[in-house]
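Inspection log for the structure reproduced underneath, given as structure tokens.
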DNA sequence: AATATATCGATAAAAAGATACCGATAACTA
DNA sequence: TAGTTATCGGTATCTTTTTATCGATATATT
């Protein structure tokens with residue numbers, strides 16, 4: 015159940031957006047071929063992706079029940095359970111993420127922000143308290159936090175990561191544009207806007 | 015030269031961060047095996063990635079000259095030429111991207127922001143003028159813009175994309191969490207934070 | 001009720017990507 | 001100067017992912 019490829023996860027996420035749109039339009043059922051056509055993805059790929067995660071099996075001449083399918087994808091992507099996470103680095107980007115109310119829809123609950131700047135400590139951003147980094151371990155154990163978001167300047171990214179790992183965090187979501195060393199048992203996902211951009215730019219140049 | 019795989023581009027971007035760190039530490043040369051070891055990537059993969067884009071060939075027992083390698087990666091990723099882009103949707107996230115000075119280092123120059131909100135039109139964010147969306151086509155043709163960033167609320171994402179495509183933009187970088195329909199000849203890169211998160215969360219669950 | 005058709009899901013083939021192996025080469029060492 | 005060693009780069013293999021093909025099935029149509 016857990017061995018979904020990264021590309022498949024990426025696509026599932028796209029299907030989800032697409033299906034929610036369709037549902038809002040009042041459409042009840044949809045076929046994999048229709049999805050594939052609208053999204054410019056090979057139909058068999060779509061079928062494979064859906065077959066792996068769908069509880070229902072699609073009906074010939076009808077397709078899949080959209081509502082059930084949305085639920086299945088959400089479950090597969092982990093959006094239906096709630097994970098507590100913390101955020102370290104309450105700068106501009108940190109603010110944006112703290113303020114983004116949509117995360118709950120993705121099974122993510124930011125319990126608190128952390129910083130070393132005393133002028134930020136004690137404030138509240140969008141209902142989330144900002145603590146000094148010293149209190150990280152407390153919060154992590156209290157709220158059973160497994161994931162942490164890094165939005166500090168790149169000079170402090172390694173130190174922030176070390177703090178979080180010491181506090182018991184197992185998964186890092188890194189927005190700082192730098193390489194971070196982590197032990198084997200910790201996962202990291204680098205959110206590198208520049209590389210996304212490079213991919214787009216590269217595709218564009220091919221034309 | 016242009017047919018670098020997406021995964022390779024992703025990795026090249028990581029190498030770049032890593033190599034810049036090493037350069038700052040005063041290190042002159044580095045071997046692919048060292049890079050691979052530090053980054054937990056297979057050594058052959060690193061060699062292949064570098065071989066494809068490096069102008070120099072690495073020297074036995076020394077490795078690659080870091081400075082040259084950095085330059086080669088930047089060239090391969092398109093960071094050494096400057097592309098003009100526009101941004102549509104001057105909300106919170108739009109502000110962050112407009113304010114981010116690091117883009118220049120990635121060959122990206124945001125020439126202007128666009129919005130429909132009259133209270134925003136005419137203002138300047140971080141040196142970049144905000145225009146009404148009606149003026150998009152003018153700016154695109156004047157500055158030879160090929161790429162556009164979408165940071166509008168998801169309800170308006172399709173309309174924004176249509177505007178940009180009509181204005182002649184060929185590549186879209188979409189931050190709105192929704193599916194966008196585009197013609198065949200236009201490229202789109204969906205920047206889906208939720209799916210990144212799902213990938214991390216999924217890896218975490220495997221353990 | 002019988003037939004036609006759209007769709008699914010499974011199996012097979014093809015393509016892409018990652019990994020292993022090995023000879024060649026240039027720097028280090030004695 | 002000669003031998004040793006670390007590293008590169010190319011070829012071959014293996015794995016993963018995508019795409020193609022085909023029979024089965026449920027729905028719609030006549």
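Chains as they are written, first to last, in the numbering used here: chain E, 15 to 221; chain V, 15 to 221. Just so you know, even glycine gets a beta-carbon here, dropped at the ideal spot from N, CA and C. Since the model is a prediction, treat every value here as computed from it, not as a measurement.
- Per DSSP, residue 124 of chain E is one residue of the beta strand (DSSP E) stretching across 122–129.
- Taking 7 Å as the cut-off, the Cβ atoms of residue 21 of chain V and residue 63 of chain V do not count as close.
- Within the DSSP bridge table, the entry for residue 104 of chain V names no partner.
- For residue 90 of chain E, the closest of E:50, E:76, E:120 and E:32 by C-alpha to C-alpha distance is E:120.
- Counting only runs that start and end inside the segment 21–109 of chain E, the alpha helix (DSSP H) elements of at least 4 residues fall at 46–53, 57–67 and 80–91.
- The shortest C-alpha to C-alpha distance from residue 180 of chain E to any of E:206, E:150 and E:167 is the one to E:150.
- Taking the Cα of residue 208 of chain E as reference, the smallest distance to any Cα among V:103, V:60, V:74 and V:116 is reached at V:116.
- Classified as buried, residue 165 of chain E has 16 or more neighbouring CB atoms from the shown chains inside 10 Å of its CB.
- Annotation note: the segment 148–211 of chain V contains the following uninterrupted alpha helix (DSSP H) runs of length 4 or greater, listed N- to C-terminal: 150–156 and 171–180.
- Minimum Cα-Cα distance from residue 206 of chain E among the listed residues E:187, E:215, E:44 and E:199 corresponds to E:187.
- For residue 99 of chain V and residue 32 of chain V, the gap between their C-alpha atoms comes out near 27 Å.
- Rounded to the nearest angstrom, the Cβ distance from residue 124 of chain E to residue 136 of chain E is 17 Å, too far for a contact under 8 Å.
- In the DSSP assignment, the residues bridged to residue 142 of chain V are V:139.
- Separation of residue 153 of chain V and residue 129 of chain V (C-alpha to C-alpha, rounded to the nearest whole angstrom) is 13 Å.
- Listed along the chain, the chain V residues whose CB falls inside 9 Å of the CB of residue 192 of chain E are 31, 32, 34 and 35.
- DSSP, read as helix, strand or coil, puts residue 133 of chain E in coil.
- Here DSSP, grouped into helix, strand and coil, assigns residue 113 of chain V to helix.
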